[in-house]
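Visitor: In the order they appear, the protein sequences are chains A and B.
Quick note: the first sequence, position 464, residue 471 per this note's numbering, numbers continuous.
Quick note: the second sequence, position 33, residue 40 per this note's numbering, numbers continuous.
Protein chains: 2
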Amino acid sequence: MSLPDRARDELAALFPPERRRLDKAGTWPYAYDNSRREAAPDAVVFPLDLDEIVALVRWANAHRIPLTPRGLGSNTTGASVPVAGGVVVSLERLARIVEFRPQDRFLVAQAGVPNRRVQDIAATAGLLWPPDPTSAAYATVGGNLATHASGPHAARYGASRRYVLGLTAVSGEGAVLRTGTRTEKNAVGYDLTDLLVGSEGTLAIIVEATLALVPRPAARAVLRATYSDVARAVDAVLRLRALAHGPAVCELLDRASLGLVAPGLEPPVPAGSGALLLVDVEEDPRLLETVTALHEQALAGPGLLDLRRALDGAEREALWAARRALSPALRRLASGKINEDVAVPLSRLPELVAFLEDLAASTGLRIVSFGHVANGNLHVNILHDEADPGERARAEETARLLFDRVLTLEGTLSGEHGVGLAKAPFVPWQIDAPTRAAMAALKAALDPAGILNPGKILGAPAAPRPA
Amino acid sequence: MSLPDRARDELAALFPPERRRLDKAGTWPYAYDNSRREAAPDAVVFPLDLDEIVALVRWANAHRIPLTPRGLGSNTTGASVPVAGGVVVSLERLARIVEFRPQDRFLVAQAGVPNRRVQDIAATAGLLWPPDPTSAAYATVGGNLATHASGPHAARYGASRRYVLGLTAVSGEGAVLRTGTRTEKNAVGYDLTDLLVGSEGTLAIIVEATLALVPRPAARAVLRATYSDVARAVDAVLRLRALAHGPAVCELLDRASLGLVAPGLEPPVPAGSGALLLVDVEEDPRLLETVTALHEQALAGPGLLDLRRALDGAEREALWAARRALSPALRRLASGKINEDVAVPLSRLPELVAFLEDLAASTGLRIVSFGHVANGNLHVNILHDEADPGERARAEETARLLFDRVLTLEGTLSGEHGVGLAKAPFVPWQIDAPTRAAMAALKAALDPAGILNPGKILGAPAAPRPA
């Protein structure tokens, strides 16, 4: 597939040569993202401002040419893979901080600004933007919001949608939508902001975002608690969550994860440890000691085998290094890894982990889980030999069984990665037909020609569900 | 206007006599709400379950008969006044708590459950649902969410939308929408939940809501600080907001409000006080003293005239009684009161208050303002003699000047009351035409026949804007 001559000529008139790519070599780096899926676009363009995006969308709408918006491609679901061809709209050069208003606790950023830059600027005024996906160093604000990615700090602050006051976005007909306000409360009109966040560029292209900031606590303590099993660790998390000032971050490592990191931990974890909690307390320095002690009290309980407080920066860093080393370690263990990010209500998490242990035993596959336990959000990694088709199929079947069980446990198929291509066949398992039809009607209202990121979220044929 | 015979007969078949009202005397109590506007409906029905609502909406959609959903009518904007006639759908008998899951921090309530009942039940497990409008004793969950009402606790917790995990709602075609999840994070599908919250029943009728709860701190301190003027008080609020654990509640009284309550305050406020802050610190008992001291440090600064900590429950209650007495006191001062709930970014609040003082001087009208200052949300009361048409017109013109200035100050016309009928002519001042068109397209997608609460939010002719 390629662009019709006339459309191609018009596109060339919209973007100068140095900001368009129409050849295979130039477009190829934009064919794939961190999902390891790929599909070649017919063109890539690099707009510099809102007007160029409006002109581009009008062009695409007139010619019925698909547009796939893209930040820096760090999403894991194929959300920025141009499966229908057409044009990839790279927003990477829209990377300006438009305004920073520390007193009013907001910052206006263009879509292509990396999350980390927002953090660095906010920090100069003692502020924080809570979304902190692992990819924060290069993930863009636009992509972060389009996928509704969060990260560990959601334990304290909740998911990313809360930290967006408004958006400038371009609908599928080229209309400029200016959503939300610069105030923390607003009750005028429909909430287009939250509708666009998480819509993966299928309703409108996010061009600019007004981000809500929060105070950044100046002091931090890190606690490490090991338990006999996940159920006991979850009991401790339930106690932590009852605190008026709970943890900033609360990560769980299951038995398999713990097995991977334990050799590097100092002091070592006790033999028989079945779960580890890594807890960050972030506080005003004048409160840190008391609040940390309250956390320690909450962590103590049946099944606790060991509780440590990192006493200095080096110890804290060593603990977090162990957590961060998990993903790379998995890559060394197996050539194939299916990485899901399901979430369930917290009380159901022990059932989910027990189910995964059974699945690992019955399939012979290694399943390693860790994640943002305070929100019930678990990253489940199903390892397999990519070169063995039978094992690959078994891993995929295991993922289907996981999805099925997560929904039985009142959960969601994705807590923060989004749907993209990867989970699109499973959306009908989670969202019923009338509700999907309403979503499709909203899509048609904002993008009547269906040019915005086709193939993502809705419309994929449903996967067969296990009996 | 009245219902066509056939439609009337069909409606009578859907609801038994004791749950429908078709006569003037029976429908009249449902003609008005707390806005003091009124319009008689042709009928009122009292559904008991989802199926009855689905049948009702299908009937209305087939006959093109307007439906106005209603909780208990405590809204202030006319959102539940049936201006287009048709049927008022009273949700007051859908008042069941469906499920309460303290460990998972959610509670599922039918639309007609009063906010206060949610609080009472949540409190049995040490939990809180943050939305707390003044009307909480009788405002229903459905109405609370439909208007996006918040209240003083938004200072700490943010606006109400954050505390809804999912909804069951019925679209204008009678489709049952099941939105959201039972998890705190979700990245699957479009965010219909937040779209429906604040849509005032114009997109779908909310039937049931899954409410997110938070820990309820067990101890409380109340601080009272008076300043020479509002600008100095706002400076203090900016310092408070920089705390890692800021105030649960932070209310401002301007000079005119302070004049009204000062005679009842003990100890008295110093002469020359131009603004008062009422601050609630809600904490773990083991942190209360330290956190309160941090608040006192933040409140201290230029312009502070007096700072008191309420030492016992009676003193606390007296302070809050003074704040609560403001609204009734206004009713005694003047027969007419235009009550707005604008919000601006916090740094712009002193400009807004100065503008209001100028307006009061130039119009001769008494203008009294107080409100949820931490979010920049100010309740502005423009007092006038309702029997004097000239003064009434001057008050309305003053409200228009207020709205115009609020938008110049980057604000919103409503922080928490919503649009309803009252602000519909001003929506075009705040939301531009392309964005309103997108909202109208979403409305048409979910309610193609336009039967759901017609006349609210969108579509009113724009008021002429001051030059």
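By construction, the Cβ of each residue, glycine as well, lies at the ideal position given by its N, Cα and C atoms.
Taking Cβ positions, are Ile72(B) and Asp49(B) nearer each other than 9 Å?
Guide: Yes. Within cutoff.
Visitor: Whether or not the region 321 to 340 of chain B and the region 290 to 300 of chain B are in contact is what I'm after, with contact meaning three or more pairs of Cβ atoms, one per stretch, closer than 8 Å; do they touch?
Guide: No, because fewer than three Cβ pairs between the region 290 to 300 of chain B and the region 321 to 340 of chain B fall closer than 8 Å, the two stretches do not touch.
Visitor: What does Arg100(B) pair with, by DSSP beta-bridge criteria?
Guide: Paired residue(s): none; Arg100(B) is not in a bridge.
Visitor: Determine whether the Cβ of Asp411(A) lies closer than 9 Å to any Cβ atom of chain B.
Guide: So, not an interface residue.
Visitor: Is there contact here, the region 438 to 449 of chain A with the region 452 to 459 of chain B, by at least three beta-carbon pairs under 8 Å?
Guide: Segments in contact, yes.
Visitor: Taking a Cβ distance cut-off of 9 Å, strictly less, list which residues of the region 289 to 309 of chain A are near chain B, in chain order.
Guide: Listed by position, the residues of the region 289 to 309 of chain A near chain B (Cβ gap below 9 Å) are Glu289, Glu290, Asp291, Arg293, Leu294, Thr297, Val298, Ala300, Leu301.
Visitor: Where does Asp40(B) fall in DSSP's three states?
Guide: Coil, per DSSP.
Visitor: Nearest-angstrom Cα distance between Asp56(B) and Ile212(B)?
Guide: The straight-line gap from Cα to Cα measures roughly 12 Å.
Visitor: Measuring only the C-alpha atoms, how far is Ala467(A) from Pro435(A)?
Guide: Whole-angstrom Cα-Cα distance: 9 Å.
Visitor: My guess is that Gly310(A) and Ser376(A) are in contact by the Cβ rule of under 8 Å, so how many angstroms apart are they, rounded?
Guide: At roughly 18 Å, the Cβ-Cβ gap does not stay under 8 Å, so Gly310(A) and Ser376(A) are not in contact.
Visitor: Would the beta-carbon of Val95(A) fall within 9 Å of that of Thr147(A)?
Guide: Cβ atoms of Val95(A) and Thr147(A): not closer than 9 Å.
Visitor: Is there a C-beta anywhere in chain B that falls below 9 Å from the one on Glu358(A)?
Guide: By this cut-off, Glu358(A) is not an interface position.
Visitor: Taking only runs that begin and end inside the region 355 to 388 of chain B, name each unbroken alpha helix (DSSP H) of 4 or more residues, in chain order.
Guide: Taking only runs of at least 4 residues, the alpha helix (DSSP H) segments lying wholly in the region 355 to 388 of chain B are 356 to 370.
Visitor: Below 7 Å on C-beta distance, what does Ser421(A) contact in chain B?
Guide: The contacting residues are Ala194, Val195.
Visitor: Going by C-alpha distance, which of Arg28(A), Leu420(A), Ser167(A) is nearest Leu152(A)?
Guide: Considering only alpha carbons, the answer is Ser167(A).
Visitor: Between the region 158 to 176 of chain A and chain B, which residues of the former have CB atoms less than 8 Å from a CB of the latter, in chain order?
Guide: Listed by position, the residues of the region 158 to 176 of chain A near chain B (Cβ gap below 8 Å) are Ala161, Gly165, Ala166, Arg168, Arg169.
Visitor: Is any beta-carbon of chain A found at less than 9 Å from that of Arg112(B)?
Guide: Yes - at least one Cβ of chain A is within 9 Å of the one on Arg112(B).
Visitor: Apart from the five residues on each side of it in sequence, which residues of its chain come closer than 6 Å, Cβ to Cβ, to Leu174(A)?
Guide: Only Thr186, Thr200, Leu203, Ile213, Ala216 meet the Cβ criterion.
Visitor: Can you give the Cα-Cα distance for Asp127(B) and Val183(A), rounded to whole angstroms?
Guide: So the two alpha carbons sit approximately 45 Å from each other.
Visitor: Consider the Cβ of Asn382(B): report whether some Cβ of chain D lies at a distance smaller than 9 Å.
Guide: Note that chain D does not occur in the displayed structure, where the protein chains are A and B.
Visitor: Please work out which residues of its chain come closer than 6 Å, Cβ to Cβ, to Arg401(B), disregarding the five sequence neighbours upstream and downstream, and give them in chain order.
Guide: Once the five neighbours on either side are set aside, the close Cβ partners of Arg401(B) are Thr370.
Visitor: Taking 6 Å as the limit between beta carbons, can you name the residues of its chain near Leu315(B), skipping five residues before and five after?
Guide: Contrary to the premise, residue 315(B) reads as Arg rather than Leu in this sequence. Around Arg315(B): Arg231.
Visitor: Closer than 9 Å, CB to CB, is Glu417(A) near chain B or not?
Guide: Glu417(A) counts as touching chain B.
Visitor: Could you give the distance in angstroms between the alpha-carbon of Ser178(B) and the alpha-carbon of Ile438(B)?
Guide: The straight-line gap from Cα to Cα measures roughly 24 Å.
Visitor: Which residues of the region 85 to 97 of chain B have a Cβ closer than 8 Å to any Cβ of chain A? Give them in chain order.
Guide: Correct list: empty, as no residue qualifies.
Visitor: For Thr131(B), does the three-state DSSP call read helix, strand or coil?
Guide: If DSSP states are grouped into helix, strand and coil, Thr131(B) belongs with coil.
Visitor: With DSSP collapsed to three states, give me the class of Asp16(A).
Guide: Here Asp16(A) sits in helix by DSSP.
Visitor: With 9 Å as the threshold, decide whether the Cβ of Thr186(B) is near any Cβ in chain A.
Guide: Taking Cβ atoms only, chain A reaches closer than 9 Å to Thr186(B), which makes this a yes.
Visitor: Taking contact to mean 3 or more Cβ pairs, one atom from each stretch, closer than 8 Å, check whether the region 378 to 392 of chain A and the region 343 to 359 of chain A are in contact.
Guide: Output reads yes: the region 343 to 359 of chain A touches the region 378 to 392 of chain A.
Visitor: Val288(A) lies in the beta strand (DSSP E); which residues open and close that run?
Guide: First-last of the beta strand (DSSP E) with Val288(A): 282 to 290.
Visitor: Kindly list, in the order they appear in chain B, the residues whose Cβ is closer than 8 Å to that of Gly133(A).
Guide: The answer, in chain order, is Ala249.
Visitor: Measuring CB to CB, does Ile104(A) end up less than 9 Å from Arg124(A)?
Guide: In this structure, Arg124(A) lies closer than 9 Å to Ile104(A) by Cβ.
Visitor: Cutting at 7 Å between CB atoms, please list the residues of its own chain near Asp139(B), excluding the five before and the five after it.
Guide: Same-chain partners within the cutoff: Gly158, Pro159, His160.
Visitor: Would Pro352(B) count as contacting chain A if we go by Cβ distances under 9 Å?
Guide: True, the Cβ-Cβ gap to chain A drops below 9 Å.
Visitor: Helix, strand or coil for Arg443(B)? Go by DSSP, reduced to three states.
Guide: The answer is helix: DSSP assigns Arg443(B) an H, G or I state.
Visitor: My guess is that Gly343(A) and His391(A) are in contact by the Cβ rule of under 8 Å, so how many angstroms apart are they, rounded?
Guide: The Cβ separation is near 4 Å, so the contact holds.
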